[in-house]
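Number of protein chains: 2
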Amino acid sequence: MTTTAATFDAAAAEASDGGPVVVPVALGDRSYDILIGDGLIGRVGALMAERLPGARAAIVTDANLAGLHLDALEAGLEAAGIASSAIVVAPGEASKSFPVFERVVDAVIGGRFERGDAVVALGGGVVGDLSGFVAGVVRRGMRFVQIPTSLLAQVDSSVGGKTGINVAHGKNLVGVFHQPDLVVADTAALDTLSERHFRAGYAEVAKYGLIDDAGFFAWLEANHGAVFAGGTARTAAIATSCRAKARVVAADERETGERALLNLGHTFGHALEAATGYSDRLVHGEAIAIGMVLAHDFSVRMNLASRDDADRVRAHFSTVGLPTRLADVPGDLPDADGLLKLIGQDKKVARGKLTFILTHGIGQAFIANDVPPSAVTDFLAEAAV
Amino acid sequence: MTTTAATFDAAAAEASDGGPVVVPVALGDRSYDILIGDGLIGRVGALMAERLPGARAAIVTDANLAGLHLDALEAGLEAAGIASSAIVVAPGEASKSFPVFERVVDAVIGGRFERGDAVVALGGGVVGDLSGFVAGVVRRGMRFVQIPTSLLAQVDSSVGGKTGINVAHGKNLVGVFHQPDLVVADTAALDTLSERHFRAGYAEVAKYGLIDDAGFFAWLEANHGAVFAGGTARTAAIATSCRAKARVVAADERETGERALLNLGHTFGHALEAATGYSDRLVHGEAIAIGMVLAHDFSVRMNLASRDDADRVRAHFSTVGLPTRLADVPGDLPDADGLLKLIGQDKKVARGKLTFILTHGIGQAFIANDVPPSAVTDFLAEAAV
Chain A
104 MTTTAATFDA AAAEASDGGP VVVPVALGDR SYDILIGDGL IGRVGALMAE
154 RLPGARAAIV TDANLAGLHL DALEAGLEAA GIASSAIVVA PGEASKSFPV
204 FERVVDAVIG GRFERGDAVV ALGGGVVGDL SGFVAGVVRR GMRFVQIPTS
254 LLAQVDSSVG GKTGINVAHG KNLVGVFHQP DLVVADTAAL DTLSERHFRA
304 GYAEVAKYGL IDDAGFFAWL EANHGAVFAG GTARTAAIAT SCRAKARVVA
354 ADERETGERA LLNLGHTFGH ALEAATGYSD RLVHGEAIAI GMVLAHDFSV
404 RMNLASRDDA DRVRAHFSTV GLPTRLADVP GDLPDADGLL KLIGQDKKVA
454 RGKLTFILTH GIGQAFIAND VPPSAVTDFL AEAAV
Chain B
104 MTTTAATFDA AAAEASDGGP VVVPVALGDR SYDILIGDGL IGRVGALMAE
154 RLPGARAAIV TDANLAGLHL DALEAGLEAA GIASSAIVVA PGEASKSFPV
204 FERVVDAVIG GRFERGDAVV ALGGGVVGDL SGFVAGVVRR GMRFVQIPTS
254 LLAQVDSSVG GKTGINVAHG KNLVGVFHQP DLVVADTAAL DTLSERHFRA
304 GYAEVAKYGL IDDAGFFAWL EANHGAVFAG GTARTAAIAT SCRAKARVVA
354 ADERETGERA LLNLGHTFGH ALEAATGYSD RLVHGEAIAI GMVLAHDFSV
404 RMNLASRDDA DRVRAHFSTV GLPTRLADVP GDLPDADGLL KLIGQDKKVA
454 RGKLTFILTH GIGQAFIAND VPPSAVTDFL AEAAV
C-alpha cells in the first residue's frame with residue numbers, strides 16, 4: 104500500500120506546480136494526453152493551437168453546458184486564432200439517438216469541417232459518446248478533443264475511445280472505437296455538478312481501487328471527504344483513475360480481454376438501468392455502485408472472496424451516500440428471472456455464455472466466463488429479499 | 104514489361120488449378136484474403152465455417168441480387184451449419200442513406216447478431232459500402248464478409264475497408280474504415296452484369312495499369328477482348344487489380360499518403376458525377392474514365408506527360424466503349440467555373456488546397472498538392488469545347 108500512496112503524493116505535487124497533471128495514454132500512433140487541472144476550459148484554444156496546429160473546432164455541447172462554459176471556451180479559441188462553430192443538443196440521454204446523431208453529422212459536414220479539423224465535445228458522457236461517434240464517422244474520421252465536464256466523464260467515458268449511441272434494443276449498441284487527440288479535464292467544471300451526480304461519478308473512481316489497487320481504495324476510505332471537497336485530493340483521485348484506465352486501455356484497446364475488467368459492477372448495473380428505464384430513478388454511477396456491491400457479494404457466495412471485503416465495499420459506498428442494495432432502488436424491480444433476462448441482453452455476451460467480472464477480494468477482480476445462470480438467479484433471489 | 108506479363112501468367116495458372124485465386128491483403132491483425140474464382144457464392148458457407156468458425160451470417164443484399172444469388176448463398180450457409188437471416192434493401196445508390204443505414208443496423212441488432220458474427224454483403228458497391236458501415240458500428244465492430252457481384256466492387260470497393268453512406272452534402276462523407284475478414288469474388292456473378300456496368304468496372308481495372316503498371320495497361324490494350332469475354336483472362340485481370348490495390352492499401356491503410364493514388368481520375372470524375380446528380384446519365388466508372396483521360400490531358404498541358412501517352416489512354420477507353428470527353432456526357436454540364444466549384448467540394452481537399460493525381464505518363468501517376476485553381480479552370484474551359 105505504501106507504493107500506491109506514494110503515487111498519489113506525486114500526482115498531487117504535479118498539480119501543485121500550477122500546471123495541469125498530464126496523464127499519457129499510450130496507444131502507438133493513436134496516443135494522446137489527458138490534462139487535468141483547475142480552470143482549463145479557457146485554455147483549450149491555446150492547447151489546441153499547440154497540439155493540433157491548423158485544426159478548426161466544431162464544438163458539440165448541450166444546452167446546460169453551453170450556458171455554463173461555452174463563452175469561456177469560445178473566447179479561448181478565438182484568442183488562439185481558431186475558427187469554431189457550436190452545435191447545441193438537448194441535455195440528457197435522449198440525445199444519444201440516431202436522429203440527433205444525424206443532425207450533428209450534417210451540421211459538422213455543413214460547416215465544411217475537414218479531416219484535420221476537430222470535433223470538440225464540451226459536456227458529460229452523453230455529449231462525449233455522441234460527438235466521438237460523429238468524429239469517428241465524418242469523412243471516415245476527424246480529430247477529436249474531449250472536454251469532460253462531469254466526474255463520470257473525466258474518469259471514465261472520456262478515456263479509452265469508446266463512442267456510441269443508443270437504439271431501441273439497448274444502450275451503446277451502435278458506435279465506434281475512436282480515440283481522442285486530446286482530453287482536457289477542468290476540475291473547476293465539477294463545482295457546478297449536483298451532489299448526486301458527483302457521487303455517481305465517484306462510484307467509477309472507487310471502481311479503479313476495487314479492480315486492482317487495494318491501496319487506492321484504502322486511501323479513498325480515508326480521504327473521500329477531501330475528494331468530495333475539491334482541491335488536490337480530488338485532482339489526485341481523478342489522475343489516479345485516468346492512469347488506471349489508460350493502463351488497461353493501452354493493454355487492450357478493443358476489449359478483447361483484460362479491458363473487460365473495467366466492467367466490474369456493470370453487468371448487474373446495466374440490468375438495473377434497463378429495469379428502471381434508464382431514468383432518473385437510478386443514474387449510471389448509482390447502478391454500478393449497487394452492481395459492484397452485488398459483484399462482491401456474489402463472489403463471496405461463490406467462495407471466491409471474503410465476507411469482510413464485501414462488507415467494506417458496501418460500507419464505503421453507504422458512507423458516501425451511494426445506494427448499495429436492490430431495495431435502495433426506488434420503485435419496483437423485476438424478479439430474479441427478469442433481471443437475469445436483462446443481464447443476458449447486455450452486450451458483453453460472448454456466444455450466449457454469461458461473462459461476469461468477479462473478485463477474489465478488494466483490488467483482485469478477474470474475468471469469469473461461463474458463470475452458471477442458475478447461480479445468478481439464486482443469488483439475485485436472495486439479494487432481493 | 105516482361106516481369107509484369109509473367110505475373111499475369113502466374114495468376115492465370117493458379118486459377119486453372121480449379122481452386123480460387125487467393126490475394127492476401129497484409130494489414131497486420133486486420134489481414135484477410137480475397138478469393139477469386141468461378142461459382143464461389145455457393146461455397147461461401149464452407150469458406151466461412153473454415154475461416155470464421157462459429158460466426159452467424161447477417162446477409163445484406165438488394166432486391167435484384169437476392170433474386171439472382173440469395174438461394175445459392177443460403178443453401179451453402181445452411182449446408183455448413185451456419186445460421187443466417189437476410190436483410191434486403193432497394194437496389195441503387197439511394198440505399199446509401201441514413202434511413203436505410205438505420206434500418207439495417209436495427210435489423211442486425213434485432214437479429215441478436217453479436218460481435219463475433221458476420222455481416223455478409225452480397226452485392227455491388229452500394230451494398231458493400233452500406234453493410235461495411237453497419238458492420239463497423241454495430242457493437243462497435245462486427246466481422247464482415249464481402250461477396251462483391253459487380254466488376255467495380257470486385258476490383259475496387261470490396262478491397263481496402265472504406266465504407267460509408269451519402270448525405271445531402273456529398274457522397275461517402277459518412278463512414279468508417281472497417282476491413283473485411285474475407286472477400287469472395289465469384290466471377291460467375293459478372294455474367295449477369297449489363298455490358299454498360301461491366302465496362303464501367305473495367306475503367307477501374309485499367310486504372311491500376313495507369314497508376315504504376317505500364318505493362319498491365321499494355322496487356323489490357325492487347326487482351327481487353329478476352330477480359331470482356333470471361334475465363335482466365337478476366338480472372339487474371341481481377342486478381343492483378345486486387346493485388347495492386349492490396350499493395351497500396353497495405354502501405355497506407357487510412358489514406359494519409361500514397362493511397363490517394365487510387366483516386367486517379369476521381370477528382371474530375373466526382374465533379375462530373377455531382378454535376379449529373381449521380382444519375383444514370385453517368386455511372387461512376389464512366390465518370391472516372393473521363394476523369395482519367397482529363398488527368399492525362401491536364402498533365403500534358405502542365406508539361407508533365409507526353410501527348411502520346413494521353414492519346415493512348417483516350418484511344419483504349421474509346422475502343423472498349425467508355426466515354427472519354429466532357430462532350431460524351433449526355434445533357435448539359437456546368438461551365439469550367441462550375442466544375443471547379445464541384446471539385447472544391449470533393450472530400451479530398453486538405454486545408455483548402457487542391458490536390459490532384461497527375462502523371463508523368465502511363466504507369467507513372469503521382470500526388471500533386473497545390474495545383475493552381477486557375478490552371479484547372481483554363482484547362483476545363485478548353486476541354487469543354
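Read top to bottom, the protein sequences are chains A and B.
In terms of this note's numbering, the first sequence opens at residue 104 and continues consecutively.
In terms of this note's numbering, the second sequence opens at residue 104 and continues consecutively.
Backbone N, C-alpha and C define an ideal beta-carbon position, used for all residues, glycine too.
These numbers were taken from a predicted model, which means no experiment stands behind them.
- In this structure, A/Ala478 is the residue among A/Asn472, A/Ala478, A/Asp438 with its C-alpha nearest to the C-alpha of A/Met405.
- With contacts defined as CB atoms closer than 8 Å, A/Arg337 and A/Val352 fail to qualify as a contacting pair.
- Taken atom to atom, the span from the alpha-carbon of B/Ala129 to that of B/Thr343 is near 16 Å.
- For the pair A/Pro476 and A/Leu443, the Cα-to-Cα distance works out to about 8 Å.
- Across the set B/Ile314, B/Leu171, B/Ala321, the C-alpha of B/Ile314 shows the shortest separation from the C-alpha of B/Ala347.
- For the segment 344-361 of chain A, the residues whose beta carbon sits under 8 Å from a beta carbon of chain B are, in order, Arg357.
- Around the beta-carbon of B/Asp481, fewer than 16 other beta-carbon atoms lie within 10 Å, marking it exposed.
- Between A/Ser188 and A/Leu180, the gap from beta carbon to beta carbon reaches 8 Å or more.
- Contact check for A/Val126 against A/Cys345 passes: the beta carbons are separated by less than 8 Å.
- Residue pairing by DSSP places A/Gly273 opposite A/Val270 in a beta bridge.
- Taking 9 Å as the Cβ-Cβ cut-off, the segment 280-297 of chain A approaches chain B at Phe280, His281, given in chain order.
- Here B/Val279 is not near A/Val191, since their CB atoms are 8 Å or more apart.
- Between the alpha carbons of A/Val237 and A/Phe204 lies a gap of roughly 7 Å.
- At a cut-off of 8 Å between beta carbons, A/Asp209 contacts chain B.
- Just measuring C-alpha positions, the residue of B/Val308, B/Asp209, B/Gly380 sitting nearest B/Asn366 is B/Val308.
- Residues Glu361, Arg362 of the same chain have their beta carbon placed closer than 6 Å to that of B/Asp355, with the five preceding and five following residues left out of the count.
- Rounded to the nearest whole angstrom, the CA to CA distance from A/Val163 to B/Gly304 is 41 Å.
- Of all residues in the segment 192-218 of chain B, the ones placed with a Cβ closer than 7 Å to any Cβ belonging to chain A are Phe201, Glu205, Val208, Asp209, Ile212, Gly213, Glu217, in chain order.
- Residue pairing by DSSP puts A/Gly140 in a beta bridge opposite A/Asp289.
- With its beta carbon less than 8 Å from one in chain B, A/Gly267 belongs to the interface.
- If you ignore the 5 residues before and after A/Arg218, its C-beta comes within less than 6 Å of the C-beta of Arg242, Met245, all in its own chain and listed in chain order.
- Closest in alpha carbon position to A/Ala306, among A/Ser198, A/Pro426, A/Asp289, is A/Pro426.
- Taking 9 Å as the Cβ-Cβ cut-off, the segment 240-260 of chain B approaches chain A at Val240, Val241, Arg242, Arg243, Gly244, given in chain order.
- When beta bridges are read from the DSSP output, B/Gln249 appears opposite B/Ala224, B/Val286.
- B/Ile393: not part of any beta strand (DSSP E); member of the alpha helix (DSSP H) spanning 387-404, first to last residue.
- For B/Leu276, the C-beta contacts it makes with chain A under 8 Å involve Ile212, Val241, Arg242, in order along the chain.
- Just so you know, the alpha carbons of B/His327 and B/Pro123 end up roughly 22 Å apart.
- Scanning chain A for C-beta atoms nearer than 8 Å to the C-beta of B/Val270 yields Val208, Asp209, Ile212, reported in chain order.
- For the options A/Thr266, A/Gly170, A/Ser421, A/Phe301, the alpha carbon positioned closest to that of A/Val277 is the one of A/Thr266.
- For B/Ala468, the three-state secondary structure derived from DSSP is strand.
- The DSSP-derived three-state label of A/Ala158 is coil.
- The Cβ-Cβ distance between A/Ala161 and A/Gly214 falls below 8 Å.
- For B/His463, the closest C-alpha among the options B/His399, B/Gly333, B/Gly170 is that of B/His399.
- Apart from sequence neighbours up to five positions away, the residues of its chain that approach B/Thr295 with a beta-carbon distance below 7 Å are Leu171, ordered along the chain.
- Straight across, the Cα-Cα distance linking A/Val287 with A/Pro251 is about 7 Å.
- When the alpha-carbon of A/Pro156 is set against those of A/Lys199, A/Ile137, A/Ala175, A/Asp220, the nearest one is in A/Asp220.
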